[in-house]
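Trainee: Before I ask anything, here is the structure I am working with.
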Amino acid sequence: MALSIRDIEHLAILLERSGLGGIEIEDAGQRLKITLHHVAFSGTSAHSPMNIATTSAGTVVKAEVAGIYVARHPWRENPFVQLGQAVTEGELVGLVKVGRIYTPIPSPATGSVVEILVETGTAIGFGTPIITIK
């Protein structure tokens with residue numbers, strides 16, 4: 158992984174514009190981690206209304222980016238959430254992998270996971286329903 162300072166600055170700008178709090182990239186035994194401390198990870202302000210749908214069945218969390226759905230980080234043994242698990246607003250409920258980058262999927266609401274709509278490894282597009290919270 159040969160990134161210049163300009164590449165890293167560009168990544169930081171993209172992170173700030175996207176509202177994400179950080180990014181971690183690993184390649185050929187090298188790792189780069191960028192964390193923006195002034196970006197709030199929790200709360201509904203990070204979610205666009207297009208990516209959250211509230212129905213009688215609960216709040217449906219939708220993908221904000223296209224990629225591969227990942228239920229657990231490769232370094233973790235257990236998935237972020239399971240059916241029936243209580244979650245709080247802003248809690249990490251999954252990841253979307255785009256290349257070597259993992260984009261977090263925060264819960265937009267407090268409640269219980271009543272439905273997991275996609276399996277790990279599934280290709281998802283922008284707006285794909287992922288999890289239902291009630």
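So for the sequence shown, the working numbering puts the first residue at 158; every next one is plus one. Note that the Cβ used here is the ideal one computed from N, Cα and C, for glycine as well. For clarity, every value in this text was computed on a predicted model and none was experimentally measured.
1. Classify residue 178 as buried or exposed, calling it buried when 16 or more other Cβ atoms lie within 10 Å of its own Cβ.
2. Within 10 angstroms of its Cβ, does residue 204 collect 16 or more other Cβ (buried), or is it exposed?
3. Which residues in the same chain have their Cβ closer than 6 angstroms to the Cβ of residue 282, if we skip the five residues on either side of it in sequence?
4. From the DSSP output, read off the bridge partner residues of residue 181.
5. Should residue 165 be labelled buried (16 or more other beta-carbon atoms within 10 Å of its own) or exposed?
6. What residue ranges within the segment 213-242 form continuous beta strand (DSSP E) runs of no fewer than 3 residues, ordered along the chain?
7. Suppose you measure from the CA of residue 236 to the CA of residue 167; what does that come to, to the nearest Å?
8. Would you decide whether residue 231 is buried or exposed? Buried here means 16 or more other CB atoms lie within 10 Å of its CB.
Mentor: From the atom records:
1. With 16 or more other Cβ atoms within 10 Å, it is buried.
2. Because residue 204 carries a pLDDT of 45, less than 50, the predicted location of this residue cannot be relied on, and no value is offered for it.
3. Taken in chain order, the residues that qualify are 223.
4. Bridge partners of residue 181: 190.
5. So residue 165 counts as exposed.
6. For the beta strand (DSSP E) assignment, the uninterrupted runs of no fewer than 3 residues enclosed by the segment 213-242 are, from N- to C-terminal side, 215-219 and 224-227.
7. It is roughly 31 angstroms from the alpha-carbon of residue 236 to the alpha-carbon of residue 167.
8. Of the other Cβ atoms in all chains shown, fewer than 16 fall within 10 Å of the Cβ of residue 231; this residue is therefore exposed.
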